[in-house]
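Peer 1: This is the structure, below, for whatever I ask next.
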Amino acid sequence: MRFEMKMPDLATTDSEIRIGRWMIEPGETVQRGQPLVEVETDKAAMEVESVVSGVLVEIVSQVDDAVSVGDVIAVFEVADSAKSGSMRRSAPEAQPSVAVPAAAESTPRVAEGAKGGMFARKRAATTPGGDEGVRLTVAERTAGKRLQESKQTIPHFYLQTRFKASAIIARREAAASAKLTWDAFFVRATARAMGRFDRFRHRLEGDRLVPLATLAVGVAIDHAGELFVIPVVEPADKSVEEISAEIRANVERLRGGDSEARMIRPAAMTISNLGVCNVESFLPIINPPETAILGIGKVAPCVAVREDGQLGVEPCGTLALSVDHRVAGGRYAAEFLDAIVRELESA
């Protein structure tokens, strides 16, 4: 018996749903609940699961197609006893060939043993030079669109400074069993500084500054080559231990394939830490609709003034603050960055 699978309601309000990549191909057998296709909205990249067990006969909605809730996206051959509220019988017709159509050859396929959204990418169409390209994932395309929009519409300016990391290092060593993450210190310092600088708790709408709906601080995470931002909720009122545990738990959810962890959730500001990659400093791109983003470089020995007033060698880290110049001016942003440094140095 042939059934048509419809696009389910993803609770995305009126946002457009776009097909990202199919994880199986025509002719393959799927089980009920198995991830079938990755889709993209303006809020998230998520997986849609198969609602029945059977053989995929036809992919109706191709990669990059825009679809609506209720549109038929795929056709299955299932046992007569299969039941699903999201499926309906299609008109009787001859059994089609299950050979992979040309359009499906360039769609990514889930890798054997893959989990947590880590899918092998099939090679896409061959370029005139003979080299084969690789299709971007839904998450990569979503991030690319947002960051391209940011650079094209937000007048960035950048401030850079250093901070002495001795206090953080001592705190981490004293709480070795807790395994405090570096990001927890940056999240808390940023949140506390935001509490004293009102403009960084607002976003620009037309010619008005509108209060942000959240005071969460996002942590940029690279997972399987894709960029995600994990928000830490109300971090100014939490201890470093609590923030560290929250970050670790959310990262584990992301690695475990939790679809909710892959959703785009709002934050007031984002931090991006490339220090672990041996990067000294970089200028990050603001994540809309946020007003600023903090880039963090590696910690390394530097010449600094010690507490006794003498010059000495201390571990220092670098910070780069990217700011929307429509929202904050240079001096205001500089004082905000200095407040972050003071929080870090008194951790």
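Per my numbering, the very first residue in the sequence shown carries number 4; after that it's consecutive. Idealized CB from N, CA, C, for every residue including glycine.
What did DSSP end up calling glycine 140 once you bin it into helix, strand or coil?
Peer 2: The question names glycine, yet the displayed sequence has threonine at residue 140. DSSP places threonine 140 in coil when its eight states are reduced to three.
Peer 1: Please classify lysine 154: does DSSP put it in a helix, a strand, or coil?
Peer 2: Helix, per DSSP.
Peer 1: In chain order, which continuous runs of the alpha helix (DSSP H) of length 4 or greater are located wholly inside the region 162-215?
Peer 2: Runs found: 169-177 and 185-197.
Peer 1: Out of Thr44, Asp83, Gln65 and Ala69, which one is the CA nearest neighbour of valine 58?
Peer 2: Nearest C-alpha to valine 58: Asp83.
Peer 1: Do the region 138-151 and the region 294-304 meet, that is, are 3 or more Cβ pairs less than 8 Å apart?
Peer 2: Flag = no, the region 138-151 and the region 294-304 do not touch.
Peer 1: DSSP three-state call for phenylalanine 231: helix, strand or coil?
Peer 2: Strand at phenylalanine 231.
Peer 1: Valine 75 bridges to which residues according to DSSP?
Peer 2: DSSP, once it has assigned bridges, lists Lys9 as partnering valine 75.
Peer 1: Measure the alpha-carbon distance for serine 153 versus valine 232 and round it to whole angstroms.
Peer 2: Using only the alpha carbons, I get a separation of about 16 Å.
Peer 1: Quick one: which unbroken alpha helix (DSSP H) runs of 4-plus residues sit fully inside the region 242-283? Chain order, please.
Peer 2: For the region 242-283, whole alpha helix (DSSP H) runs of length 4 or above, ordered along the chain, are 243-258.
Peer 1: Report the three-state DSSP secondary structure of aspartate 83 (helix, strand or coil).
Peer 2: Three-state result, aspartate 83: coil.
Peer 1: Tell me, please, whether the region 233-253 touches the region 279-299 by the rule of three or more beta-carbon pairs shorter than 8 Å.
Peer 2: In short, these stretches do not touch, since the Cβ pair count stays below three.
Peer 1: Under the rule that 16 or more other beta-carbon atoms within 10 Å means buried, what is alanine 178, buried or exposed?
Peer 2: Label assigned to alanine 178: exposed.
Peer 1: Taking just the CA atoms, how far does leucine 257 sit from arginine 265?
Peer 2: About 6 Å.
Peer 1: In chain order, what residues of the same chain have a beta carbon less than 7 Å from the beta carbon of valine 70, not counting five sequence neighbours either side?
Peer 2: Closer than 7 Å at the Cβ level, and outside the excluded window around valine 70, lie Met10, Ile20, Ile22, Ser64 and Ile76.
Peer 1: Could you tell me the distance, in whole angstroms, from the CA atom of leucine 277 to the CA atom of leucine 322?
Peer 2: Each residue's alpha carbon lies about 11 Å from the other.
Peer 1: Go ahead and label glutamate 293 buried or exposed: buried means 16 or more other beta carbons lie within 10 angstroms of its beta carbon, across all protein chains shown.
Peer 2: Glutamate 293 should be labelled buried.
Peer 1: What is the DSSP secondary structure of isoleucine 299, reduced to helix, strand or coil?
Peer 2: Here isoleucine 299 sits in strand by DSSP.
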